[in-house]
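Undergrad: Chains C and F, in that order, give the protein sequences. Taking full-length UniProt numbering, the leading residue of the first sequence gets 1, the next gets one more, and so forth. Taking full-length UniProt numbering, the leading residue of the second sequence gets 1, the next gets one more, and so forth. The beta-carbon is built from N, C-alpha and C at its ideal position, and this holds for glycine as well. Model, not experiment: these values are computed from the prediction. First, the structure itself, so that you have it in front of you.
2 protein chains.
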Amino acid sequence: MAWFRNLIQVSATTKPFIKPRNKKNPFPFPITQLFGLAPFSSEAINEAPQVNECSNLGPTKPGEKPRVVVLGTGWAGSRLMKGLDPKIYDIVCVSPRNHMVFTPLLASTCVGTLEFRSVAEPVGRIQPAISKEPGSYFFLSKCTSIDTDDHVVQCETITDGVRTLDPWKFKISYDKLVIALGAEALTFGIHGVKDNAIFLREVHHAQEIRRKLLLNLMLSDVPGISEEEKSRLLHCVVVGGGPTGVEFSGELSDFIMKDVRLRYAHVKDYIHVTLIEANEILSSFDVRLRRYATNQLTKSGVRLVRGTVKDVKAQKIILNDGTEVPYGLLVWSTGVGPSTFVKSLELPKAPAGRIGIDEWLRVPSVQDVYAIGDCSGFLESTGKQVLPALAQVAERQGKYLAELLNKIGTTGGGHANCAQDIDYGNPFEYRHLGSMASVGSYKALVDLRQSKEGKGLSLAGFFSWFIWRSAYLTRVVSWRNRFYVAINWATTFVFGRDISRI
Amino acid sequence: MAWFRNLIQVSATTKPFIKPRNKKNPFPFPITQLFGLAPFSSEAINEAPQVNECSNLGPTKPGEKPRVVVLGTGWAGSRLMKGLDPKIYDIVCVSPRNHMVFTPLLASTCVGTLEFRSVAEPVGRIQPAISKEPGSYFFLSKCTSIDTDDHVVQCETITDGVRTLDPWKFKISYDKLVIALGAEALTFGIHGVKDNAIFLREVHHAQEIRRKLLLNLMLSDVPGISEEEKSRLLHCVVVGGGPTGVEFSGELSDFIMKDVRLRYAHVKDYIHVTLIEANEILSSFDVRLRRYATNQLTKSGVRLVRGTVKDVKAQKIILNDGTEVPYGLLVWSTGVGPSTFVKSLELPKAPAGRIGIDEWLRVPSVQDVYAIGDCSGFLESTGKQVLPALAQVAERQGKYLAELLNKIGTTGGGHANCAQDIDYGNPFEYRHLGSMASVGSYKALVDLRQSKEGKGLSLAGFFSWFIWRSAYLTRVVSWRNRFYVAINWATTFVFGRDISRI
Numbered sequence: 001m002a003w004f005r006n007l008i009q010v011s012a013t014t015k016p017f018i019k020p021r022n023k024k025n026p027f028p029f030p031i032t033q034l035f036g037l038a039p040f041s042s043e044a045i046n047e048a049p050q051v052n053e054c055s056n057l058g059p060t061k062p063g064e065k066p067r068v069v070v071l072g073t074g075w076a077g078s079r080l081m082k083g084l085d086p087k088i089y090d091i092v093c094v095s096p097r098n099h100m101v102f103t104p105l106l107a108s109t110c111v112g113t114l115e116f117r118s119v120a121e122p123v124g125r126i127q128p129a130i131s132k133e134p135g136s137y138f139f140l141s142k143c144t145s146i147d148t149d150d151h152v153v154q155c156e157t158i159t160d161g162v163r164t165l166d167p168w169k170f171k172i173s174y175d176k177l178v179i180a181l182g183a184e185a186l187t188f189g190i191h192g193v194k195d196n197a198i199f200l201r202e203v204h205h206a207q208e209i210r211r212k213l214l215l216n217l218m219l220s221d222v223p224g225i226s227e228e229e230k231s232r233l234l235h236c237v238v239v240g241g242g243p244t245g246v247e248f249s250g251e252l253s254d255f256i257m258k259d260v261r262l263r264y265a266h267v268k269d270y271i272h273v274t275l276i277e278a279n280e281i282l283s284s285f286d287v288r289l290r291r292y293a294t295n296q297l298t299k300s301g302v303r304l305v306r307g308t309v310k311d312v313k314a315q316k317i318i319l320n321d322g323t324e325v326p327y328g329l330l331v332w333s334t335g336v337g338p339s340t341f342v343k344s345l346e347l348p349k350a351p352a353g354r355i356g357i358d359e360w361l362r363v364p365s366v367q368d369v370y371a372i373g374d375c376s377g378f379l380e381s382t383g384k385q386v387l388p389a390l391a392q393v394a395e396r397q398g399k400y401l402a403e404l405l406n407k408i409g410t411t412g413g414g415h416a417n418c419a420q421d422i423d424y425g426n427p428f429e430y431r432h433l434g435s436m437a438s439v440g441s442y443k444a445l446v447d448l449r450q451s452k453e454g455k456g457l458s459l460a461g462f463f464s465w466f467i468w469r470s471a472y473l474t475r476v477v478s479w480r481n482r483f484y485v486a487i488n489w490a491t492t493f494v495f496g497r498d499i500s501r502i
Numbered sequence: 001m002a003w004f005r006n007l008i009q010v011s012a013t014t015k016p017f018i019k020p021r022n023k024k025n026p027f028p029f030p031i032t033q034l035f036g037l038a039p040f041s042s043e044a045i046n047e048a049p050q051v052n053e054c055s056n057l058g059p060t061k062p063g064e065k066p067r068v069v070v071l072g073t074g075w076a077g078s079r080l081m082k083g084l085d086p087k088i089y090d091i092v093c094v095s096p097r098n099h100m101v102f103t104p105l106l107a108s109t110c111v112g113t114l115e116f117r118s119v120a121e122p123v124g125r126i127q128p129a130i131s132k133e134p135g136s137y138f139f140l141s142k143c144t145s146i147d148t149d150d151h152v153v154q155c156e157t158i159t160d161g162v163r164t165l166d167p168w169k170f171k172i173s174y175d176k177l178v179i180a181l182g183a184e185a186l187t188f189g190i191h192g193v194k195d196n197a198i199f200l201r202e203v204h205h206a207q208e209i210r211r212k213l214l215l216n217l218m219l220s221d222v223p224g225i226s227e228e229e230k231s232r233l234l235h236c237v238v239v240g241g242g243p244t245g246v247e248f249s250g251e252l253s254d255f256i257m258k259d260v261r262l263r264y265a266h267v268k269d270y271i272h273v274t275l276i277e278a279n280e281i282l283s284s285f286d287v288r289l290r291r292y293a294t295n296q297l298t299k300s301g302v303r304l305v306r307g308t309v310k311d312v313k314a315q316k317i318i319l320n321d322g323t324e325v326p327y328g329l330l331v332w333s334t335g336v337g338p339s340t341f342v343k344s345l346e347l348p349k350a351p352a353g354r355i356g357i358d359e360w361l362r363v364p365s366v367q368d369v370y371a372i373g374d375c376s377g378f379l380e381s382t383g384k385q386v387l388p389a390l391a392q393v394a395e396r397q398g399k400y401l402a403e404l405l406n407k408i409g410t411t412g413g414g415h416a417n418c419a420q421d422i423d424y425g426n427p428f429e430y431r432h433l434g435s436m437a438s439v440g441s442y443k444a445l446v447d448l449r450q451s452k453e454g455k456g457l458s459l460a461g462f463f464s465w466f467i468w469r470s471a472y473l474t475r476v477v478s479w480r481n482r483f484y485v486a487i488n489w490a491t492t493f494v495f496g497r498d499i500s501r502i
């Protein structure tokens, strides 16, 4: 018997509570069907999905819109989806997160300069078609295998944190597949990094850093704690002197100098930041900028240490020469490399294990597969160098590929195995626009040289910091987030950073 | 050998990296002491805290400032701390969260109308002394026992989520103790509530609801999922028709009507809200307002069901008459009762198990102990009724007690066992200012009657909603949060609610 009919009875026997405004059943199908009482079984679900039977994600027919499947919602995948024309293609996006992270500002969220939501852009706002159009979808899932012969990807839902749901599998046929899966943080096989260090690549990493930092600040104030333990808890160690590590160190020292002194006055003398780097900090920047950054960070109290990490324990790092460095918070940002899934794909590979692509970002030897962003690299046969793993590269590739796919679609090559004779036009060319990094205390570096050896303008100081902020403010994807980033910055300036640990 | 000296050597052997700006050791104590290499042992810490030896939290001496220990950072405790004069008292606050939650607006954060941080106020901003003054502290801990004879509380640190730290215990001597521990959500002993339902009392509850709601919206869109399962996932059930349950249902229906239709168009017909209440919704409100709320909620698509829950399973509720109600999200708000810790205290008790207090909010039979807010209630001997568990009551009691304690402090009764002969002045009198509740769609109820039977103004509609918003905007504690709440409301109005699941 249907529970809903029962409920109305229950109400009717006492005082009528439900006043049906319109007589029509609020559900578009019979109530008995609505909540089947058979227990939900994950096995049943896992068996269920036969692409052609229970979903409209089977191979598209000639008269239908062709389907682009995008794996990933990073810079590359998001920029691609933004540029794809939903009138030409159905767009299906598969990713374990439903938003793009504005990574260059992520370091600022760890200490409360910016709020987490200000740097996260929902995919549905980047490409509204995926939440509206009948054939376009976003699936909170990960891709588990790619069948390039049949033009099918196998996916599995993400259900983190919800105990009562088991993940289930489903298949999607594609006309065009764009692999934009990004990269994973490198640990160089060092023991204990994954267990004890926090990376800085996702919003939940920044949340974890903020919670741990505030917890340590509060714990170190508890009576009975030894001086040694207090200093350990409040020792923040950053491993890796790239832009992320330097910007995070700068933000942390700003937080210490402006907020900890005021709001955690009892322990302010115990908190310290150490940045460990095996080579040079900011090695891609101009030498004068590097020197400026070194001076600026040292002045703000960040200790710069040249060293290589050998082992990471729960409360201390061991360096190659045996030195032990106790820590309370350990942030790891030593660059990125291909993920296990990308490594496992049977596709041509570029140097360093990335998916190999040609000048038009196609994966050769298979039909209709493209790869962009950090997961891809030019094949040696193209004679081009593998581009650096930068947001700038990923974004430019996404934009280029969106235009290319739109062009292919309009010239009749949108469906699977139909693009062989299309004129692909100009190949992708990357022109580096320059690099920026903030170093704290309203100071930043702006390096406008086109390559490490090239010549060009390089600036450092308050004016650069102003350029840094303005540039990011105009580049944050939506007006909503632009507005919030500006408001967050203004609030931090006036009221200080938020220190509630929620 | 000290690791820091080692590190400088490492740097010196390659290119010098650290440029000591000033020769002086950046640490205020010898480096060898800074990071003792002995492993941190929780046993050692648990043994360590001898109140008088390693902390300055032992009994205060006659010449020193007396110490008020406040347990809790809810409405009562926070308002008390705001009012206490740090020139008269050292203030020590013990609570498992370092912020006050502006509970009436918590329901709005679950669907992204407001941001989580806009409704959380750090204690350090409410009473800056606790982060600055040498004898005032905030401890992220819970109180585990109270020794009223010796004027000592025993506490234990909170270290949720951090694997490598064990909690440790410490003691604090008090001159005045204020118990403001609040209450716990009532489950009436119904099996499965704690495991499967989400309460709505803390920021992390709101975060959990938001994550689960967005997860279910996305999962229900996955191919291969049955109609039954889709409807189950998107069935949001609220148990309890008090202001929290009603406001949450209203917010949810606003979210569905404005944002889900736009951003989750594929599944918009499957999402429904059911509010289950055993008696009347909003039973403390005027009967006309109740009728208005019932109509308004029904119009917004909320199904109001009169029923009593018997059992809660992972994916369905079972009502008393055997009806099974499948759900994807279950929010439980059926009122509050005393916590296990409050029940365990050997203090006089008021009806319903609250800590018994006299007209001056003192706990009789013991010296220097006060109890305010939801954890306390007038003793039968006072001839007064136990006040309802409302923010309004808690806030008024906090304000009264702050003034009373300041007065006691200035007239020489601040120290332990010194307040027997003080004139306590007027007893605490509660005057109900009225109740408010929003019901969604820019509508709210305002009931200005002084009691359930009394006469007075009662309003419902858009104007009430305007009063509701304005009243809360002026009552949010800090200017920072007032500003953020206003900005959040404006942004939601212009851009819609945020749907990134972070």
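Please report whether the beta-carbon of F:L105 lies at a distance below 8 angstroms from any beta-carbon of chain C.
TA: Here residue 105 of chain F corresponds to residue number 105 of the second sequence, with the count starting at 1. So, not an interface residue.
Undergrad: In the structure shown, what three-state DSSP assignment does C:P134 receive?
TA: As a working note, residue 134 of chain C is residue 134 in the first sequence. Three-state DSSP puts C:P134 in coil, outside helix and strand.
Undergrad: F:K132 versus chain C: which residues are under 7 angstroms apart at the beta carbon?
TA: In the second sequence, the residue the question calls residue 132 of chain F occupies position 132. Within chain C, the residues near F:K132 are A265.
Undergrad: Starting from the beta carbon of F:I219, find every residue of chain C whose beta carbon is closer than 8 angstroms, and list them in chain order.
TA: Reading the second sequence from its first residue, position 219 is the one you call residue 219 of chain F. Here residue 219 of chain F is Leu; the residue named in the question, Ile, does not match the sequence. Under the 8 angstroms cutoff, chain C gives L140, T157, T159, L165.
Undergrad: I need the DSSP call for F:W479, collapsed to helix, strand or coil.
TA: Numbered from its first residue, the second sequence carries residue 479 of chain F at position 479. Helix, per DSSP.
Undergrad: What number of angstroms, rounded off, separates the C-alpha of F:Q397 from the C-alpha of F:P388?
TA: Here the question's residue 397 of chain F lines up with position 397 in the second sequence. Here the question's residue 388 of chain F lines up with position 388 in the second sequence. Near 12 angstroms, if we compare the C-alpha coordinates of F:P388 and F:Q397.
Undergrad: So is F:W468 buried or exposed if we call it buried at 16+ other beta carbons inside 10 Å?
TA: Here residue 468 of chain F refers to the residue found at position 468 when the second sequence is read from its first residue. So F:W468 ends up on the buried side.
Undergrad: With DSSP run on the structure shown, which of helix, strand or coil describes F:T144?
TA: On the second sequence, residue 144 of chain F is found 144 positions in, with the first residue counted as 1. Here F:T144 sits in strand by DSSP.
Undergrad: For F:M436, list the residues DSSP reports as bridge partners.
TA: Taking the first residue of the second sequence as position 1, residue 436 of chain F is located at position 436. For F:M436, which the question treats as bridged, DSSP gives the partners F:V446.
Undergrad: Tell me, to the nearest whole angstrom, how far the beta carbon of C:G112 is from that of C:R210; I am working on the premise that it is less than 8 angstroms.
TA: Along the first sequence, one-based indexing puts residue 112 of chain C at 112. Along the first sequence, one-based indexing puts residue 210 of chain C at 210. Their Cβ separation, rounded to whole angstroms, is 7 angstroms, which keeps C:G112 and C:R210 in contact under 8 angstroms.
Undergrad: To the nearest angstrom, report how far apart residue 506 of chain F and F:A391 are at their CA atoms.
TA: Here chain F has residues from 1 to 502 only, and residue 506 of chain F is not among them.
Undergrad: Would you mind listing the alpha helix (DSSP H) stretches within the region 148-214 of chain F that are 4+ residues and don't spill past its ends, in chain order?
TA: Segments of the alpha helix (DSSP H) lying fully in the region 148-214 of chain F: 193-196.
Undergrad: Using a Cβ cut-off of 9 angstroms, pull out every chain F residue sitting near C:D286, in sequence order please.
TA: Position 286 of the first sequence, counting from 1, holds the residue named residue 286 of chain C. Going along chain F, no residue has its Cβ under 9 angstroms from C:D286, so there is no contact; the nearest lies around 17 angstroms.
Undergrad: Quick check on the burial criterion: 16 or more other C-beta atoms within 10 angstroms. Buried or exposed for C:V287?
TA: Taking the first residue of the first sequence as 1, we reach residue 287 of chain C at position 287. Counting Cβ neighbours within 10 Å, C:V287 comes out exposed, since fewer than 16 surround it.
Undergrad: Report back the beta-carbon spacing between F:K176 and F:Y370 to the nearest angstrom; my notes put them in contact at under 8 angstroms.
TA: For the purposes of this step, residue 176 of chain F is taken as residue 176 along the second sequence, with counting starting at 1. For the purposes of this step, residue 370 of chain F is taken as residue 370 along the second sequence, with counting starting at 1. Contact holds; Cβ gap of about 7 angstroms.
Undergrad: Can you give me the start and stop residues for the alpha helix (DSSP H) that F:M81 sits inside?
TA: Counting from one through the second sequence, the residue named residue 81 of chain F turns up at place 81. Element bounds for F:M81: 75-83.
Undergrad: When burial is assigned at 16 or more other CB atoms within 10 Å of the CB, is C:E453 buried or exposed?
TA: Sequence index remark: in the first sequence, residue 453 of chain C carries index 453 (1-based). Exposed, because fewer than 16 other Cβ atoms sit within 10 Å of the Cβ of C:E453.
Undergrad: How would you list, in chain order, the residues of chain F whose beta-carbon sits under 7 angstroms from the beta-carbon of C:R290?
TA: Here residue 290 of chain C refers to the residue found at position 290 when the first sequence is read from its first residue. Ordered by position in chain F, no residue passes the 7 angstroms Cβ test against C:R290, which lies about 11 angstroms from the chain.
Undergrad: To the nearest angstrom, how far is it from the Cα of F:S41 to the Cα of F:K169?
TA: Within the second sequence, residue 41 of chain F is the residue found at index 41, counting from 1. Within the second sequence, residue 169 of chain F is the residue found at index 169, counting from 1. With a pLDDT of only 32 at F:S41, under 50, the local geometry of the prediction cannot be trusted, and the value read off the model is given with reservation. Cα-Cα distance, rounded: 13 angstroms.
Undergrad: Per DSSP, what kind of secondary structure is C:W122 in: helix, strand or coil?
TA: Residue mapping note: residue 122 of chain C aligns to position 122 of the first sequence, counting from 1. A small correction: the amino acid at residue 122 of chain C is Pro; Trp does not occupy that position in the sequence shown. If DSSP states are grouped into helix, strand and coil, C:P122 belongs with the strands.
Undergrad: So for C:E64, helix, strand or coil by DSSP?
TA: The residue you call residue 64 of chain C lines up with position 64 of the first sequence. Coil at C:E64, not helix or strand.
Undergrad: Determine, using beta carbons only, whether F:L217 and F:L234 come nearer to each other than 8 angstroms.
TA: By 1-based counting over the second sequence, the position of residue 217 of chain F is 217. By 1-based counting over the second sequence, the position of residue 234 of chain F is 234. Going by C-beta atoms, F:L217 is nearer than 8 angstroms to F:L234.
Undergrad: Based on the DSSP output, what are the partners of F:V369 in its beta bridges?
TA: One-based indexing of the second sequence puts residue 369 of chain F at position 369. The partner list for F:V369 (beta bridge, DSSP) reads F:L177.
Undergrad: Against chain C, does F:R501 count as a neighbour if the rule is that its beta carbon must be under 8 angstroms from one of theirs?
TA: As a working mapping, residue 501 of chain F is identified with position 501 in the second sequence. Output row for F:R501: interface = yes.
Undergrad: Taking its Cβ as the centre, do 16 or more other Cβ atoms sit within 10 Å of F:G425, making it buried, or is it exposed?
TA: In the second sequence, residue 425 of chain F corresponds to position 425, counting from 1. Per the 10 Å Cβ criterion, exposed.
Undergrad: Consider the Cβ of F:Y442: report whether some Cβ of chain C lies at a distance smaller than 8 angstroms.
TA: As a working note, residue 442 of chain F is residue 442 in the second sequence. Output row for F:Y442: interface = no.
Undergrad: Which residue from C:V69, C:I271, C:L214, C:I281 puts its Cα closest to that of C:G241?
TA: Translated into the one-based positions of the first sequence, residue 241 of chain C becomes position 241. Nearest of C:V69, C:I271, C:L214, C:I281 to C:G241, Cα basis: C:I281.
Undergrad: For F:R291, report the span of its alpha helix (DSSP H) as first-last.
TA: Sequence index remark: in the second sequence, residue 291 of chain F carries index 291 (1-based). 287-299 is the span of the alpha helix (DSSP H), which, as asked, contains F:R291.
Undergrad: Note down the Cα distance separating F:T103 from F:G245, rounded to an integer number of angstroms.
TA: The residue you call residue 103 of chain F lines up with position 103 of the second sequence. The residue you call residue 245 of chain F lines up with position 245 of the second sequence. Roughly 13 angstroms between the two C-alpha positions.
Undergrad: Starting from the Cα of F:G322, find the closest Cα among F:T334, F:A314, F:V309, F:L219 and give me that residue.
TA: Position 322 of the second sequence holds residue 322 of chain F. The residue with the shortest Cα to Cα distance from F:G322 is F:V309.
Undergrad: Beta-carbon of C:V222 versus every beta-carbon of chain F: anything under 8 angstroms?
TA: The count along the first sequence starts at 1 and reaches residue 222 of chain C at position 222. Yes, C:V222 lies at the interface with chain F (some Cβ there is under 8 angstroms from its Cβ).
Undergrad: Note down the Cα distance separating F:E156 from F:D358, rounded to an integer number of angstroms.
TA: For the purposes of this step, residue 156 of chain F is identified with residue 156 of the second sequence, where counting begins at 1. For the purposes of this step, residue 358 of chain F is identified with residue 358 of the second sequence, where counting begins at 1. Whole-angstrom Cα-Cα distance: 29 angstroms.
Undergrad: If you measure from the beta carbon of F:V485 to each beta carbon in chain C, is any gap under 8 angstroms?
TA: Numbered from its first residue, the second sequence carries residue 485 of chain F at position 485. For F:V485, the answer is no, since every Cβ of chain C falls outside 8 angstroms of its Cβ.
Undergrad: Nearest to F:E429 by alpha carbon, out of F:C236, F:V393, F:S441?
TA: One-based indexing of the second sequence puts residue 429 of chain F at position 429. Per the Cα distances, F:V393.
Undergrad: Please report the distance separating the alpha-carbon of F:Q207 from that of C:E380.
TA: Here residue 207 of chain F is taken as the residue at index 207 of the second sequence, counted from 1. Here residue 380 of chain C is taken as the residue at index 380 of the first sequence, counted from 1. When rounded, the distance between both Cα atoms is 48 angstroms.
Undergrad: With a threshold of 16 other CB atoms inside 10 Å of the CB of C:E346, please say whether the residue is buried or exposed.
TA: Locating residue 346 of chain C in the first sequence gives position 346, where the first residue counts as 1. It is exposed - the Cβ of C:E346 has fewer than 16 other Cβ atoms within 10 Å.
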